Every structure is written in C-alpha cells, then in structure tokens.
Amino acid sequence: MCQMKKQVRGYFDEAKLFRQKHMPSLDEYMSVSQVTCGYLLLITTSFVGMEEATIDSFDWLLSSPPAVKAASTILRLMDDIAEHKFEQEKEHFIGVVNCYMKKYGATEEEAITELQGQVNNAWKDINEACLHPTAVPMPLLIRFLNFARVMDVVYKHEDGYTNAKGVVKDLIISTLVEPVAL
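Residue numbers (the working numbering): 5 to 186.
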C-alpha cells in the first residue's frame, strides 16, 4: 500500500509540473519519474506469492537498494530517450533529455549519448547484485534482471510500448506464433 501511495503522489507531482508548465531540474525530474515509471510497484507486486519473498525481502525492496534504483533508472531513461522525438510535438513535454539539456547546456545528441551511458552504468549495478547476491535470494534478483531485460527489448530501438507494431510485434510473433524450426 505504501508503494501505491508513492505512485499516486508521483502522478500528482507530475500533473502539477505539467499544469504549471514548469521545467524541473534533472534531479527533481528523476526523483519523481523513477516512481511514476511504475517499476517498483510492478516488482513489489511480482514478489507476492513467491516462496522466497519474506518480510525481510519486502523491507529490502522498499529500502531502495542499488539494484532497484538501477532498474528504475533503466526503465525511465530508455523510455524517455525512445519517446523524446515523438513527445517533442506536444505542447509542454517534460522529459529527461530536455532536463539534461537544460542543466548542462548540452545538445540533444550529447544528452542522449550521456543518458545512454547512465543506462549502461545502471546495468552494471544490476549485474553486480546478481553476481554477488547477499540481501535477498537469487530468484528475487532474477525478477529485477528480467524486468530490466524487457525494458531493453521494448525501448532499445523505439518506443515499443506506445508503438507495439514495430520490433515488439515482430518479437511477440516470432516467440509465440511462429513455430521453431527443428
């Protein structure tokens, strides 16, 4: 329930920024958007019913360990980078690329390159957590890894969540519809 409240508060904060036509700082944007991307809520929900998920596991999850922050970062940055061009057409679009450009006076290309570097660094945090598991059982860490992998598939080349007719559609068809040749 705590995570759901954070999610709703985050949506409210985003709505205020939009309504006020306020371009937040990069840090302000990331602190709100890492919540509203929904990653932590999805991961928390995915733990429910898992034999390995104990109260300590949920406490660990809600303490925002590096693996959780990294996975949320991957989702938020990849999503914003993928939808940046499309969203620019909207009246008042706030995204990580715009916030980065504002903070550092960078060009769009420089901002995207740097943000992709941050995605790569976030992957290192997830890999570290999976290579040296200490706080929670490995099946729970695999959830982080798999959710991040999905984000990589959905957002690597385009916004496959918004426009699932491209690469994502082809992947789903090849995985679930077309038979595997033996």
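All residues carry an ideal CB built from backbone N, CA and C; glycine is no exception. Computed from a prediction, not measured in an experiment: that's the story for all the values here.
inquiry  = Using the Cβ count rule (16 or more neighbours within 10 Å means buried), how would you classify Gly-109?
reply    = exposed
ask   = Going by beta carbon distance, what residues of the same chain come within less than 8 Å of Gly-164, once the five residues before and after it are set aside?
value = Ala-86, Val-157, Val-158, Gly-170, Val-171, Val-172
message = If contact is defined by three or more beta carbon pairs under 8 Å, each pair taking one atom from either stretch, is the segment 9–17 in contact with the segment 30–50?
response = yes
message = Can you tell me whether Val-237 is buried or exposed? The criterion is at least 16 other CB atoms within 10 Å of its CB, across all chains shown.
response = Any question about residue 237 goes unanswered here, given that the chain covers just 5 to 186.
query = In terms of residues, what are the limits of the alpha helix (DSSP H) holding Val-39?
reply = 30–40
inquiry  = Just to confirm before moving on: does the CB-CB distance between Met-54 and Cys-103 stay below 8 Å?
reply    = no
query = What alpha helix (DSSP H) runs, 4 residues minimum, are completely inside the segment 95–162?
reply = 100–108, 112–135, 142–159
Nearest-angstrom Cα separation, counted from Thr-138 out to Ile-47 = 18 Å
ask   = Alpha carbon to alpha carbon, what distance is there between Lys-10 and Leu-135?
value = 30 Å
ask   = Thinking C-beta only, is Phe-148 closer than 8 Å to Thr-130?
value = For the record, residue 130 in the displayed sequence is Ile; it is not Thr. Result yes, Cβ atoms of Ile-130 and Phe-148 sit closer than 8 Å.
inquiry  = Which same chain residues end up closer than 8 Å to Thr-111 when comparing Cβ atoms and leaving out the 5 residues on each side of it in sequence?
reply    = Met-105
ask   = Hey, is Val-181's beta-carbon within less than 8 Å of any beta-carbon in chain D?
value = The structure shown contains no chain D; it is built from a single protein chain.
query = Smallest Cα separation from Arg-80: which of Asp-60, Lys-160, Asp-63, Glu-113?
reply = Lys-160
ask   = Which residue comes first and which comes last in the alpha helix (DSSP H) that contains Lys-173?
value = 171–176
request  = Compare the Cα-Cα distances from Ala-133 to each of Ala-115, Gln-7, Leu-65, Phe-90 and report the closest residue.
outcome  = Leu-65
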